[in-house]
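Note that our numbering numbers the sequence shown so that position 12 is 21, with each residue one more than the last.
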Amino acid sequence: MKNLIHNWQRISIKLLVAITISFGVSLIVTIFISQIFIGPYFVSHQNNVSPLQYNLIIIPTFVIIILSFIISFLLLIRNKILYLKEISNTVQIISQGKLGAVIELKGRDELTQLSMNINTMSKELERKFKNERHIENVKNELITSVSHDLRTPLTSILGYSNLLKNREYKNENELYEYLNTIYIKSNDLKNLINELFEFTRLSSPDIILSKQKVDLSQLIEQIIGENIPIFQKEGLKIKKESIAEDIEINIDVEKMVRVFDNLFMNAMKYSVKPSTIKVSLTQKSDEVLLSISNHGINVKAENLKRFFEKFYREDSARKSQGSAGLGLAISKRIVELHNGSIWVELRDDWITFFVKLNKKKL
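Written out as structure tokens, the structure is:
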């Protein structure tokens with residue numbers, strides 16, 4: 010409000026200066042006409058000037074004086090008028106839907122400040138429009154993917170439920186098999202819904218992290234210990250190549266554990282069996298780097314960048330895992346919320362996922 014009043018005062022002063030100068034010019038014109046034309050004429054015709062002649066002299070003189078005032082005033086503010094016209098045209102363009110249109114900045118006065126404000130508004134409107142369009146596209150993509158991913162387990166559940174309802178099973182073993190299939194598909198359905206809910210929640214701009222200090226070394230050791238029995242059942246061994254000690258870091262523990270669990274489960278599901286999962290945790294200055302490597306199954310290098318895309322699953326084997334293809338997308342979002350980075354590399358059929366965090370940026 011203070012800036013608005015200040016700018017209005019400056020504009021008023023500049024207008025007053027322009028009016029004063031224009032008045033001065035018209036005064037000079039008046040003096041010039043009086044001394045060069047009117048004065049000598051009246052002196053030479055002291056007793057012979059009729060009212061009509063008087064009016065014919067005075068009225069044009071006043072017209073010339075007024076015109077000199079108007080012309081000088083317009084010349085003084087001409088650039089401002091042209092700039093205002095340019096501003097008006099740009100605002101009209103923006104109102105017609107061409108968001109992002111900007112006005113060329115000229116000078117450092119109030120009109121320039123107005124142009125800067127309009128440019129900021131235009132860019133912000135463009136950003137919000139693109140963001141809304143992106144959200145709309147994501148929503149449409151979500152609806153398409155959800156309808157497809159939910160239909161598969163639902164079809165199985167309905168099919169086997171119908172068989173049970175009509176008692177179309179031969180014996181108790183077949184009954185158990187049908188019930189077990191319904192249970193597995195129900196769990197798949199629950200996992201799909203949980204992934205979708207988690208991804209939607211993390212995509213919100215209002216998400217707040219609950220950070221706390223934790224020893225990352227101990228956390229990784231704990232996660233490895235919890236996963237060893239599961240990995241052994243799958244014919245996999247965990248090899249700790251290098252685990253740095255005493256890495257205190259400020260993170261949202263629950264969310265980052267979700268990232269680490271996703272990476273370990275991803276390594277387990279898509280590893281050659283039997284084989285080894287390699288884990289490394291290193292610290293260099295303020296940067297902490299975690300890597301998890303597994304011997305991959307028919308992974309193409311050109312598809313690596315797509316691993317973190319929403320709903321992406323690399324092959325039919327991945328599609329049968331009861332997942333919406335959101336695990337790595339969720340992990341990427343969580344890491345980015347911690348101002349970190351996550352990526353994947355392929356070397357000699359070994360897939361390595363990296364998570365880098367900077368302690369100063371947390």
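The C-beta atom is built at its ideal place from N, Cα and C for all residues, glycine as well.
Using DSSP with H/G/I as helix, E/B as strand and the rest coil, what is N149?
helix
Just the C-alpha distance for K278 and K368, rounded to the nearest angstrom, thanks.
31 Å
Within the continuous alpha helix (DSSP H) that includes D224, where are the two ends?
Careful: D224 lies outside any alpha helix (DSSP H), inside the beta strand (DSSP E) at 221-224.
Helix, strand or coil: which one does DSSP assign to K282?
coil
So the beta strand (DSSP E) E345 belongs to, where does it begin and stop?
No beta strand (DSSP E) contains E345, which is instead part of the alpha helix (DSSP H) from 336-346.
Taking the continuous beta strand (DSSP E) assigned at L188, which residues delimit it?
Looking at the DSSP string, L188 is not in any beta strand (DSSP E); the run it does join, the alpha helix (DSSP H), is 181-211.
Between R87 and P49, what straight-line distance do the alpha-carbon atoms span, to the nearest angstrom?
36 Å
Rounded to the nearest angstrom, what separates I74 and K94 at their Cα positions?
28 Å
Can you give the Cα-Cα distance for L85 and I217, rounded to whole angstroms?
55 Å
Under the three-state DSSP convention, the category G305 falls into:
strand
Residues in its own chain within less than 8 Å of F138 by CB, not counting five upstream and five downstream?
Within the same chain, F138 has close Cβ partners L108.
Output the distance between the C-alpha atoms of F362 and V308, rounded to the nearest integer angstrom.
13 Å
My assumption, with CB atoms under 8 Å, is that S124 sits in contact with L114. Please give the rounded CB distance.
6 Å
Report back the beta-carbon spacing between T285 and S251 to the nearest angstrom; my notes put them in contact at under 8 Å.
With a Cβ gap of about 15 Å, T285 and S251 do not count as contacting.
Beta-carbon contacts of I102 that lie in its chain and below 8 Å, excluding the five residues immediately before and after:
A110
Please state the DSSP three-state secondary structure of R267.
DSSP places R267 in helix when its eight states are reduced to three.
What are the boundary residues of the beta strand (DSSP E) that includes S251?
245-252
Does DSSP put K107 in a helix, in a strand, or in coil?
For K107, the three-state secondary structure derived from DSSP is coil.
Opening and closing residue of the beta strand (DSSP E) in which R117 lies
Run containing R117: none; DSSP gives neither H nor E here.
Among the residues of its own chain, which have a CB less than 7 Å from the CB of D358, if the five just before and after it don't count?
H304, G305
Using only alpha-carbon positions, find the residue among H347, S77, I45, T121 that is nearest to V34.
S77
What is the DSSP secondary structure of K369, reduced to helix, strand or coil?
helix
Length of the line joining the Cα atoms of W352 and V281:
21 Å
When the Cα atoms are used, what is the spatial distance from A338 to E318?
6 Å
Tell me, to the nearest whole angstrom, how far the beta carbon of D270 is from that of I301; I am working on the premise that it is less than 8 Å.
Wrong, their Cβ atoms sit about 11 Å apart, outside the cutoff.
Residue from K242, I360, I22 with nearest C-alpha to N312
I360
To the nearest angstrom, how far is it from the Cα of L65 to the Cα of V72?
11 Å
Once the 5 residues before and after L120 are set aside, which same chain residues still bring their CB inside 6 Å of it?
These residues qualify, in order along the chain: Y92.
Own chain partners of F208 with C-beta closer than 6 Å, once the 5 adjacent residues on each side are dropped
L335, I339.
Verify whether the separation of the beta carbon atoms of L298 and K365 is less than 8 Å.
yes
Alpha-carbon to alpha-carbon, F316 and L355:
12 Å
Between which two residues does the beta strand (DSSP E) harbouring R356 extend?
It spans 350-356 - the beta strand (DSSP E) in which R356 sits, taken as one unbroken run.
Is I258 helix, strand or coil when you go by DSSP?
Reduced to three states, the DSSP call for I258 is strand.
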